[in-house]
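> Numbering (the UniProt record's numbering), first residue to last: 1 to 110. This is the structure I have questions about; it appears just below.
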Amino acid sequence: MEANVSQNDHLAELAKALAHPARLRILRLLLATPGCIGGDIVDAVGLAQSTVSEHLRILKAARIISGEIDGPRVCYALNPDALAPLAEFIASLTPPPGDACCVPMSEETK
């Protein structure tokens, strides 16, 4: 059971990291322009540098992106493998085939 708790915590951390429109814009930008420099991200997202830095910190903490120092700049890139557990979980949320789904019965049909 502890593995499930740990796995659930990890999935929740990933989902929380994705749960902001600015962070989604950053991820779309990094997908379109791999190796994007922090200053370019600030310009493209249109938020204050400190705000973008906080969003980048959250994405890095969840290991969704990586940042490598290149002289005075930081170059950011996606880590697509980091989202695999969340993608697998979401894909598993499909209803079972047929009438196997549990639907509460109304008082009238009991």
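Note that the Cβ used here is the ideal one computed from N, Cα and C, for glycine as well.
Alpha carbon to alpha carbon, how far is V5 from I65? Give it in angstroms, no decimals.
Locating residue 65 in the sequence shown gives position 65, where the first residue counts as 1. Locating residue 5 in the sequence shown gives position 5, where the first residue counts as 1. Roughly 24 Å between the two C-alpha positions.
> Determine the extent of the alpha helix (DSSP H) in which D43 is found, giving its start and end residues.
Residue mapping note: residue 43 aligns to position 43 of the sequence shown, counting from 1. Note, D43: alpha helix (DSSP H), 38-45.
> Bridge partners of V52, per DSSP?
To locate residue 52, count along the sequence shown from 1; it is residue 52. Note: V52 sits in no beta bridge, so no partner.
> Should residue 111 and L83 be called a contact, given that it needs their Cβ atoms to be closer than 8 Å?
Lying before the first or after the last residue shown, residue 111 is absent from the chain, which here runs from 1 to 110.
> CB-CB under 7 Å to G35, same chain, minus the five flanking residues each way: which ones, in chain order?
As a first step, residue 35 is located in the sequence shown; it is residue number 35 there, counting from the start. Cβ neighbours of G35 beyond the five flanking positions: C75, A77.
> In the DSSP assignment, find the beta strand (DSSP E) that holds R63 and state where it starts and stops.
The residue you call residue 63 lines up with position 63 of the sequence shown. Note, R63: premise wrong, no beta strand (DSSP E); not H, not E.
> In whole angstroms, what separates the C-alpha of L30 from that of D9?
Here the question's residue 30 lines up with position 30 in the sequence shown. Here the question's residue 9 lines up with position 9 in the sequence shown. Going by the C-alpha atoms only, they are around 25 Å apart.
> With the cut-off set at 8 Å, would you say G38 and R73 are in Cβ contact?
By one-based count along the sequence shown, residue 38 stands at place 38. By one-based count along the sequence shown, residue 73 stands at place 73. Yes, Cβ-Cβ distance for G38 and R73 is below 8 Å.
> For A17, count neighbouring C-beta atoms within 10 Å of its own C-beta (all shown protein chains included) and say buried if the count is 16 or more, exposed if not.
Position 17 of the sequence shown, counted from the first residue, corresponds to residue 17. With 16 or more Cβ atoms within 10 Å of its Cβ, A17 is classed as buried.
> Which of helix, strand or coil does DSSP assign to L31?
Sequence index remark: in the sequence shown, residue 31 carries index 31 (1-based). In the structure shown, the three-state DSSP call for L31 is helix.
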